[in-house]
Amino acid sequence: MESLKVSDYLNKFPAKFTNDMPVAEAVELLLSTHQSGGPVVNKRGMLVGFLSEQDCLVQMLESSYYREQVARVEDIMTDKVMTVKPYHSVLEVTQKLLNEAPKIYPVVDDGGMLLGTINRSNVLYAIDVHLKDGYKNHD
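Numbering (the numbering used here), first residue to last: 40 to 178.
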């Protein structure tokens with residue numbers, strides 16, 4: 040049976056931001072990677088926040104209205120971030136995705152170091168692999 044650990048299905052190369060990055064630069068990164076958000080890390084790679092498209096939309100709307108583009112990621116990021124651990128089950132993450140707002144969860148080790156992210160597509164893929172493996176074993 041295939042593993043259903045988060046570590047086996049996480050995105051190891053998510054769009055990552057730093058808290059001092061200009062929002063305009065962060066938006067370009069989101070657009071170029073086709074991701075709807077990503078973790079904010081400090082210089083040591085520790086998770087310090089999360090930046091979503093929603094956060095950027097609010098800021099860009101205000102910037103276009105006031106003609107200012109001086110905001111930094113730290114000004115608009117969420118600093119209370121729900122995370123998962125690499126040893127958690129994908130099924131636990133599925134429950135979180137169904138019951139909580141985030142669509143993307145940063146995956147951190149026990150020390151808070153960012154390892155990657157896991158999102159709905161990663162979870163769907165993991166469950167699909169698991170189900171296909173189960174069908175093979177019943178043939």
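All residues carry an ideal CB built from backbone N, CA and C; glycine is no exception.
Item, Value
"How would you write the range of the alpha helix (DSSP H) that residue 138 sits in, first residue to last?", "129 to 138"
"Taking DSSP's pairing of strands, which residues face residue 156 in a bridge?", "50 and 145"
"I need the boundaries of the beta strand (DSSP E) containing residue 90, first residue and last residue.", "86 to 91"
"Please list, in chain order, all residues of the same chain as residue 98 whose beta carbon is under 7 Å from its beta carbon, the five residues on each side excluded.", "62, 110 and 115"
"Taking just the CA atoms, how far does residue 85 sit from residue 40?", "Residue placement at residue 40 cannot be trusted, given a pLDDT of 43 that sits under 50; the coordinates are not used to answer."
"In the DSSP assignment, find the beta strand (DSSP E) that holds residue 80 and state where it starts and stops.", "76 to 80"
"Take residue 87 as the anchor and find which of 59, 140, 103 and 170 has the nearest alpha-carbon.", "59"
"Looking at the structure shown, is residue 171 part of a helix, part of a strand, or coil, going by DSSP?", "helix"
"Suppose you measure from the CA of residue 53 to the CA of residue 120; what does that come to, to the nearest Å?", "16 Å"
"Are residue 112 and residue 133 touching if we call contact CB-CB under 7 Å?", "no"
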